[in-house]
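Just below is one structure, and these are the notes that go with it.
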Amino acid sequence: MGSFAEIRKRAEKRKGGADGLKALMPKAPNHEVLRALPDDRILSEMTRYIFYAGFVRNVIDSKWAGFETAFSGFDPAFLNLAPDDYWHDLTSDARVIRNGAKIMSVRDNAQFIRQLADTYGSAGRFFADWPLEDQIGLLAVLDKQANRLGGMTGQYLLRAIGRDSFVMSHDVLVCLRLSGVPISESKPTKKDLRLIQDQFNAWHAETSLPLTHLSRICAFSVGMPGEEDEA
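The sequence shown maps to residues 86 to 316 in our numbering.
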């Protein structure tokens, strides 16, 4: 496998040199901030990214204040006790996007959040303390135990709540293949996921960069300038 220095060099060439690339890096995630993030804010972000899937983000964002009110501030304790009529009424509530399956996912994810809080003290602690070198294990938990948080939705959620993480976007996967990681051209298999995790772990050990930065640099190193996908 190639050194990450070669990937960074390609990205710098495409982004105006070392300073240009550095300027495009987001602030490094702080897991202490994530540990303190209230459960209702995590449920809110879960819901936002579930609704982003299949809809125009600007439309969801423009209605988000209505979502917050309609879903009672995304308070997991309240939502776990809300009667069936509460959820039925939401399916015809003009303040939200009236997608029944996605609305009901909030009910399931409120229960998931409460289970995390009961076990770990808070959902934020769970997400912050999960081992950095096992992101694929964390994504598997979201896929199996939460509702509609598998695949890219779960990956973008981790970013949104401040978890240091990589995103397996198209450009990142291309970068990995160019680096010699033998992953398939189609949807990553379990074996592929392990190889991807191992490669990011190796790059992290090599560079000490956050996974978030490694992922972004990968994306910037390939594709058409200005057309890199979210990574």
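Even glycine gets a Cβ: it sits at the ideal position worked out from N, Cα and C.
Rounded to a whole number of angstroms, what is the C-alpha to C-alpha distance between residue i and residue j?
i, j, result
"LEU299", "SER269", "21 Å"
"LEU224", "GLN240", "7 Å"
"LEU201", "LEU106", "37 Å"
"VAL252", "MET110", "14 Å"
"ASN143", "LYS98", "32 Å"
"ARG262", "GLY206", "40 Å"
"GLN52", "ASP219", "Since the displayed the chain opens at 86 and closes at 316, residue 52 lies outside it and no answer follows."
"VAL118", "GLY101", "32 Å"
"ARG93", "ASP146", "34 Å"
"ASN232", "GLY265", "34 Å"
"LEU258", "ALA208", "29 Å"
"ARG183", "ARG192", "15 Å"
"PRO123", "ALA213", "12 Å"
"ALA307", "ILE135", "The sequence shown places Val at residue 307, not Ala. If you take the alpha carbons of VAL307 and ILE135, they lie about 28 Å apart."
"ALA167", "PRO267", "48 Å"
"TYR137", "ARG95", "32 Å"
"ASP160", "LEU227", "19 Å"
"LEU278", "TRP149", "33 Å"
By the three-class DSSP mapping on this structure, what secondary structure does residue i have?
i, result
"LYS100", "coil"
"VAL30", "Shown here, the chain extends from 86 to 316; a query on residue 30 therefore has no answer."
"ASN322", "Coverage of the chain is limited to positions 86 through 316, which leaves residue 322 absent and any answer about it impossible."
"GLU91", "helix"
"PRO295", "coil"
"ALA287", "helix"
"LEU109", "coil"
"PRO168", "coil"
"GLY151", "helix"
"PRO123", "coil"
"GLU130", "helix"
Let me check understanding here. Comparing Cα to Cα, which of the options lies closest to residue i?
i, options, result
"PHE211", "GLU91, LYS100, ALA90 and HIS116", "HIS116"
"ARG248", "LEU258, LYS276 and PRO295", "PRO295"
"MET189", "PHE156, VAL257, GLY265 and LYS112", "PHE156"
"ASN194", "ALA108, ILE302, LEU278 and GLU130", "GLU130"
"HIS255", "GLN230, GLY236 and ALA304", "ALA304"
| message | Could you tell me which whole beta strand (DSSP E) segments of length 3 or greater appear in the segment 233 to 274? | response | If we require 3 residues or more, the segment 233 to 274 turns out to have no beta strand (DSSP E) run fully inside it.
- Residue ranges of each alpha helix (DSSP H) within the segment 181 to 222, 4 or longer: Taken in chain order, the whole alpha helix (DSSP H) runs of length 4 or more contained in the segment 181 to 222 are 185 to 205 and 208 to 214.
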